Amino acid sequence: MIPPPTSSSPSLYPASAAAMAAAPRLRLLLPALVLLAAAAAGAAAAATVSDDVLALVVLKSGLSDPEGRLAPWSEDADRACIWPGLSCDPRTGRVAALELPAASLAGHLPRSALPRLDALLSLALPGNRLSGPLPEELPPLLRALDLSGNAISGGIPALYASCEALVSLNLSSNQLTGPVPDGIWSLPSLRSVDLSGNLLSGSVPGGFPRSSSLRVLDLSHNFLGGEIPADVGEAGMLKLLDFGHNSLIGGLPESLRGLSGLSSLGAGDNALSGELPAWIGEMVALESLDLSGNCFVGDIPDAISGCKNLIEVDFSRNKLTGELPWWVFGLALQRASFAGNALSGWVKVPTDAAATLEALDLSSNAITGEIPPEIATFARLQYLNLSSNSMSGHLPPIVGRMLLLKVLDVSANKLDGDVPLEIGGAVALQKLLMGRNSLTGGIPVQIGTCNSLITLDLSHNKLTGPIPMSMGNLTSLQTVDLSENMLNGTLPTELSDLASLRVFNVSHNLLSGSLPVSRFFDSIPYSFISDNAGLCSSEKNSSCNGVMPKPIVFNPNSSSDPLSDVAPSYSSNQHQKKMILSISTLIAIVGGAVIVIGVVTITVLNLRARATAPRSAVPPALSDDYHSQSAESPENETKSGKLVMFGRGSSDFSTDGHALLNKDCELGRGGFGTVYKAVLRDGQPVAIKKLTVSSLVKSEDDFKQHVKLLGKVRHHNIITLRGFYWTSSLQLLIYEFMPAGSLQQHLYECSEESSLSWMERFDIIIGVARALVYLHRHGIIHFNLKSSNVLLDTNGEPRVGDYGLVNLLPMLDRYVLSSKIQSALGYMAPEFACRTANVTEKCDVYSFGVLILEILTGRRPVEYLEDDVVVLSDLVRGAVEEDRLEDCMDPRLSGEYSMDEATLIIKLGLVCTSQVPSQRPDMPEVVSMLEMVRSPQGTPEDDLV
Numbered sequence: 001m002i003p004p005p006t007s008s009s010p011s012l013y014p015a016s017a018a019a020m021a022a023a024p025r026l027r028l029l030l031p032a033l034v035l036l037a038a039a040a041a042g043a044a045a046a047a048t049v050s051d052d053v054l055a056l057v058v059l060k061s062g063l064s065d066p067e068g069r070l071a072p073w074s075e076d077a078d079r080a081c082i083w084p085g086l087s088c089d090p091r092t093g094r095v096a097a098l099e100l101p102a103a104s105l106a107g108h109l110p111r112s113a114l115p116r117l118d119a120l121l122s123l124a125l126p127g128n129r130l131s132g133p134l135p136e137e138l139p140p141l142l143r144a145l146d147l148s149g150n151a152i153s154g155g156i157p158a159l160y161a162s163c164e165a166l167v168s169l170n171l172s173s174n175q176l177t178g179p180v181p182d183g184i185w186s187l188p189s190l191r192s193v194d195l196s197g198n199l200l201s202g203s204v205p206g207g208f209p210r211s212s213s214l215r216v217l218d219l220s221h222n223f224l225g226g227e228i229p230a231d232v233g234e235a236g237m238l239k240l241l242d243f244g245h246n247s248l249i250g251g252l253p254e255s256l257r258g259l260s261g262l263s264s265l266g267a268g269d270n271a272l273s274g275e276l277p278a279w280i281g282e283m284v285a286l287e288s289l290d291l292s293g294n295c296f297v298g299d300i301p302d303a304i305s306g307c308k309n310l311i312e313v314d315f316s317r318n319k320l321t322g323e324l325p326w327w328v329f330g331l332a333l334q335r336a337s338f339a340g341n342a343l344s345g346w347v348k349v350p351t352d353a354a355a356t357l358e359a360l361d362l363s364s365n366a367i368t369g370e371i372p373p374e375i376a377t378f379a380r381l382q383y384l385n386l387s388s389n390s391m392s393g394h395l396p397p398i399v400g401r402m403l404l405l406k407v408l409d410v411s412a413n414k415l416d417g418d419v420p421l422e423i424g425g426a427v428a429l430q431k432l433l434m435g436r437n438s439l440t441g442g443i444p445v446q447i448g449t450c451n452s453l454i455t456l457d458l459s460h461n462k463l464t465g466p467i468p469m470s471m472g473n474l475t476s477l478q479t480v481d482l483s484e485n486m487l488n489g490t491l492p493t494e495l496s497d498l499a500s501l502r503v504f505n506v507s508h509n510l511l512s513g514s515l516p517v518s519r520f521f522d523s524i525p526y527s528f529i530s531d532n533a534g535l536c537s538s539e540k541n542s543s544c545n546g547v548m549p550k551p552i553v554f555n556p557n558s559s560s561d562p563l564s565d566v567a568p569s570y571s572s573n574q575h576q577k578k579m580i581l582s583i584s585t586l587i588a589i590v591g592g593a594v595i596v597i598g599v600v601t602i603t604v605l606n607l608r609a610r611a612t613a614p615r616s617a618v619p620p621a622l623s624d625d626y627h628s629q630s631a632e633s634p635e636n637e638t639k640s641g642k643l644v645m646f647g648r649g650s651s652d653f654s655t656d657g658h659a660l661l662n663k664d665c666e667l668g669r670g671g672f673g674t675v676y677k678a679v680l681r682d683g684q685p686v687a688i689k690k691l692t693v694s695s696l697v698k699s700e701d702d703f704k705q706h707v708k709l710l711g712k713v714r715h716h717n718i719i720t721l722r723g724f725y726w727t728s729s730l731q732l733l734i735y736e737f738m739p740a741g742s743l744q745q746h747l748y749e750c751s752e753e754s755s756l757s758w759m760e761r762f763d764i765i766i767g768v769a770r771a772l773v774y775l776h777r778h779g780i781i782h783f784n785l786k787s788s789n790v791l792l793d794t795n796g797e798p799r800v801g802d803y804g805l806v807n808l809l810p811m812l813d814r815y816v817l818s819s820k821i822q823s824a825l826g827y828m829a830p831e832f833a834c835r836t837a838n839v840t841e842k843c844d845v846y847s848f849g850v851l852i853l854e855i856l857t858g859r860r861p862v863e864y865l866e867d868d869v870v871v872l873s874d875l876v877r878g879a880v881e882e883d884r885l886e887d888c889m890d891p892r893l894s895g896e897y898s899m900d901e902a903t904l905i906i907k908l909g910l911v912c913t914s915q916v917p918s919q920r921p922d923m924p925e926v927v928s929m930l931e932m933v934r935s936p937q938g939t940p941e942d943d944l945v
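Here the sequence shown is numbered in UniProt numbering, starting from 1 and rising by one per residue.
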């Protein structure tokens, strides 16, 4: 995804453009609206100036005013024209405009006050903290209404569709629910409508008249479904149109081709499908086009080259195929993203092309071949992402001539050759990401001239030689990953000057010697320096001469015991690392040669005896009760499987899987298996899941391929999979251990004094949501989300477990759809009642909605009474409809929360549990809404998944 634009470049995303475009138009309209007050003076003749004073005092009475902005508003005044935030008609003295942006006003707008201001033309209270419903009735002459950026809830009154004087309506960034009122597009004077950033649902109403004056329509970031109205193109004066971040289906309506004056079209993050229509090229005024995050297929039409004014285009996260279109380099494009498709190659890049291109994202496609050297002609390029493709060959050295380049990401390709020395010429470079390739040679000394570098990733390559001292010049460095290479030598002492360093990962190399002395290196995590010839901290060990590998200890009863205190074996990608032996070890070997020969002889005899006798001994692993855990025949017990541990060298060990299980350490049972606690010999606790779906598990190859994919999942809200064990009759998954128990335990087994607080519950909800966003972005569906699968770490952070296991099964048969897998039926999406069920991300959204309700109410998803069954979502939905939601809240919260916030979150949970999958939001939208609740006055925090 292309990063947010700088202030000097326009946004790629029309949602942002809409917000910028609508506000200036409104400000430009206000002076004209005030001048129109004179024409309305006759209609307001019956009212008096004192009526305005009284109405404003009533309005003030319903508001909280911590900054005292309304202090001069007094009922003793004769006129209101000198009050802050007010403007009056100079001829009649009536109040014509009320404008108090970002004044920290809170509370509800009194219903009776606004209609009495019957000469009011403009009402603008954006960026405050207003709550409650919208006023049912507006002043009859009102031209502009701006209540954006508040916390107003409820629906949009149908009466707004009859306000014929209305020119501009901005209700964006609130908590509005329900449908968009029918008939609103027919208002004769309406020019700008911004309803973005709400919780609106239902379908987008049609009825766009040809006489429409509408210029701006922004419905983005809602929960709208159905198709885009077929007649939307009838509003021929539209300049900006944004339907992005909803749940719309179908294709782009052909009526859009008639919008020859449209400059911005946004429909990203929906479920639109079909091929991209060639008639897009007829929209000649188009400057910004966002169709990302949909299901469009086929080639990208060359006819789009007819959009000669196109500046920004985003087709990312679709299913597009073919070559990158030539017009990317032939138009005056500044920002272009085609990430996350199935594009297969480049077109011939003209040598004089792309003079204006500032950002290009082609990541996560299927592009092959070499990176074209003509890329150096992109003189203004600041962001280039070619990661996760199949490109080969060398990185063109001319990238060093791209003086404005800030981000270069070519990771996860098949590039070889050296890191070009010319890279030092990219003086503006802030992120250099070249990991997961086949690069050779050394890290060039010239890297030290990239003074702006913040992030450097050269991991998972074949780099050799030392780390250059010149890296000490990169004082802005925060993250460095040089792991999984063959770097040798010592770490330069100059690295101690890197005061901004946060991550410095050099694990799995051939480095030795002392670590640099600095606050960072003195407390560096072991995982950052593990699996090297010998790295140690002289600050902690005055006799620091390097840490030697531990000797390998052979167990005569096991070819290799992964849980005994042994040195990690080196994987093949370490290319025959040499073991460095200390002097004392050499003396011991020379002096005890005879003893060694004797030990070897005895070991050989033991191994021969073991080969002819049944196995009677169990490796000293984790179990004292081997036979009680074995359900297989003696023949099967003798067949050893393979335990594979991820990380720390990714070593493979052979052992008996039953030895990992101890019945006394059972933690719990679920639909996919039983979980045991175990402790490794190095003191590290782990949780081991014994799968109970052995007869349905895929083949060994499919099983290992999927489990290794799950083993790459890394997120602070997701439990890490550390390894697995396979035989045809026994499969084990090995996870990191979470000491604080499950969310289910904290909800139902803790005393009132130790129960979860409001903030802890909110943090758990948003943490789980971010975990699901990460999983969904990486193509992993959880399918089994419930409170027992949300664990807490020592800091109380939520960690989601049991993810992606459904993909271990060959098909979704009746076994999977039964409560055997989803043991708490209340979490299961209703579409599973069908005989043929499709597991989609929307299933996780439904389960997450149930989890929200469970966390805030403290009640189980399904409660079985003597003569009734209570479904939590139905119970809460009924409470919302009857306006008694507070009765449903967990009584242990005891008033420590805002009911307005709780109401919004619960309503979000109910939207997530919609019966129709397309009506449920996507998880990124859920996170955005939760962040909006947490920081209603600021921008949502960045999602780091």
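Quick reminder that beta carbons are idealized off the backbone N, C-alpha and C, glycines included.
Keep in mind the model is a prediction, meaning the values are calculated, not measured.
- Contact between L331 and S292 does not hold, since the beta-carbon distance rounds to 18 Å and is not under 8 Å.
- Between T440 and L463, the CB-CB gap stays under 9 Å.
- Each of P205, Y748 and N222 was checked against the Cα of S196, and the nearest Cα belongs to N222.
- A check of alpha carbon separations from F528 across A336, A339, L190 and S459 identifies S459 as the nearest.
- In terms of Cα proximity to V180, the closest of S203, P101 and S186 is S203.
- Ranked by how close their Cα comes to the Cα of Q430, the residues Q478, A106 and G465 have Q478 in first place.
- The residues K431 and T479, in chain order, have a CB closer than 6 Å to that of T455 in the same chain once the five nearest residues on each side in sequence are set aside.
- Just so you know, the alpha carbons of R191 and S213 end up roughly 5 Å apart.
- From the listed residues L54, V232, S388 and L219, the smallest Cα separation to F243 is found for L219.
- Secondary structure of L360 (DSSP, three-state): strand.
- Beta-carbon to beta-carbon, N437 and N413 are separated by about 6 Å, close enough to satisfy the 8 Å threshold.
- For E700, the enclosing alpha helix (DSSP H) stretches over residues E700 to L710.
- Positions of the beta strand (DSSP E) runs, each at least 3 residues long and wholly inside the stretch 149-208, are given as 151-154, 168-170, 175-178 and 192-194 in order along the chain.
- As DSSP reads the structure, D457 sits in a beta bridge with L433 and D481.
- Distance between C307 and G281, taken at the CA atoms: about 5 Å.
- Under the three-state reduction of DSSP, S728 is assigned to coil, being neither helix nor strand.
- Distance from the CA atom of S496 to the CA atom of V790, rounded to whole angstroms, is 40 Å.
- With a 10 Å radius around the Cβ and a threshold of 16 neighbouring Cβ atoms, G779 comes out exposed.
- By the criterion of a C-beta distance shorter than 6 Å, G393 is surrounded in its chain by E370, once the five residues flanking it on both sides are discounted.
- Per DSSP, E312 is one residue of the beta strand (DSSP E) stretching across E312 to D314.
- I249 has its alpha-carbon roughly 5 Å from the corresponding atom of E227.
- Excluding five sequence positions before and after C163, the CB atoms of its chain that fall closer than 6 Å to its own CB belong to L138, given in chain order.
- Judged by DSSP secondary structure, R934 falls within the alpha helix (DSSP H) whose first and last residues are M923 to R934.
- For a cut-off of 8 Å, the C-beta gap from V167 to R129 is around 26 Å, too long to register as a contact.
- Leaving aside the five residues that flank L70 on each side, the residues in its chain whose CB is nearer than 6 Å to its CB run, in chain order, K60.
- Separation of E797 and D763 (C-alpha to C-alpha, rounded to the nearest whole angstrom) is 8 Å.
- With contacts defined as CB atoms closer than 9 Å, G85 and A103 qualify as a contacting pair.
- Taking a 10 Å sphere around the C-beta of L395, we find 16 or more other C-beta atoms and assign the residue as buried.
- Taking C-beta atoms as the reference points, I367 and L386 count as a pair closer than 9 Å.
- Straight-line measurement puts the Cα of L756 at about 34 Å from the Cα of G62.
- Excluding residues up to 5 positions away in sequence, S148, G149, N150, S196, G197, N198 and M932 lie with their Cβ nearer than 8 Å to the Cβ of S173 in the same chain.
- The C-alpha of G425 is placed about 14 Å away from the C-alpha of Q382.
- The straight-line gap separating the alpha-carbon atoms of M759 and M889 is approximately 14 Å.
- The three-state reading of DSSP puts R79 in coil, since its state is none of H, G, I, E or B.
- Sorting Q175, N170, A165 and P209 by C-alpha distance to the C-alpha of D182 places P209 at the top.
- Judged by pairs of C-beta atoms under 8 Å, the stretch 891-904 does not touch the stretch 836-852, as fewer than three such pairs exist.
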